[in-house]
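Using the numbering used here, you'd call the opening residue of the sequence shown number 1 and step up by one each time. Glycine residues also receive a C-beta, built at the ideal position from the N, C-alpha and C atoms. A short worksheet on the structure shown next.
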Amino acid sequence: MQKLQFEKKWDKTISDQDRSKIEEVFDETQESDEEFEAVTVWHANNHKGELLVTALIHNRSDQTVLFRDTDVIYKTLDEQIAERTFDIPALQIPPKTSMPWTFIFPDFTLEDSNLGLLKITNYVKK
Numbered sequence: 001m002q003k004l005q006f007e008k009k010w011d012k013t014i015s016d017q018d019r020s021k022i023e024e025v026f027d028e029t030q031e032s033d034e035e036f037e038a039v040t041v042w043h044a045n046n047h048k049g050e051l052l053v054t055a056l057i058h059n060r061s062d063q064t065v066l067f068r069d070t071d072v073i074y075k076t077l078d079e080q081i082a083e084r085t086f087d088i089p090a091l092q093i094p095p096k097t098s099m100p101w102t103f104i105f106p107d108f109t110l111e112d113s114n115l116g117l118l119k120i121t122n123y124v125k126k
């Protein structure tokens, strides 16, 4: 059975409102035939002009997923918005676990309020 887990720093600092939204997305998307999936929860631009995309990452496999030189693309149905390679040692998603994470794309501004799709490739299973 899939479980929702927050990284330790997230668990201590996340607002009740944000936690509720992530729990709602988890309840709606936890079941699927896909072993690995990222579901966009929200996006925003910060004061530095960076695009922040928060996603709920579902690892439905029997192996831990690691983010080592992992390509992450944020796009709409029609166009790619941002792309970056991430090496995040702290992000390790255990088997049958879903975890929220915010990906930061420098120098990308997004005017559109519609949520895009997050595509993650080259992740490592161990």
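Inspect the beta-carbon positions of residue i and residue j and report whether they are closer than 8 angstroms.
i: valine 72; j: phenylalanine 103; result: yes
i: asparagine 59; j: phenylalanine 26; result: no
i: lysine 126; j: glutamine 80; result: no
i: methionine 1; j: lysine 96; result: yes
i: threonine 40; j: valine 53; result: yes
i: proline 106; j: glutamate 50; result: yes
i: glutamate 23; j: leucine 4; result: yes
i: threonine 109; j: asparagine 46; result: no
If you reduce the DSSP assignment to three classes, tell me which class residue i lands in.
i: threonine 85; result: strand
i: phenylalanine 67; result: strand
i: phenylalanine 36; result: strand
i: phenylalanine 26; result: helix
i: serine 15; result: coil
i: lysine 125; result: strand
i: lysine 9; result: helix
i: serine 61; result: coil
i: lysine 48; result: coil
i: lysine 96; result: coil
Return the bridge partner residues of residue i from the DSSP annotation.
i: lysine 119; result: Ile73
Report the rounded CA-to-CA distance for residue i versus residue j, giving the unit in angstroms.
i: serine 38; j: glycine 116; result: Correcting the residue identity first, residue 38 is alanine in this sequence and not serine. So the two alpha carbons sit approximately 11 angstroms from each other.
i: tryptophan 10; j: aspartate 33; result: 28 angstroms
i: alanine 90; j: lysine 8; result: 10 angstroms
i: methionine 99; j: isoleucine 93; result: 7 angstroms
i: lysine 21; j: isoleucine 57; result: 14 angstroms
i: lysine 75; j: aspartate 87; result: 20 angstroms
For chain B, is any of its Cβ atoms less than 8 angstroms away from the one on residue i?
i: glutamate 28; result: The structure shown contains no chain B; it is built from a single protein chain.
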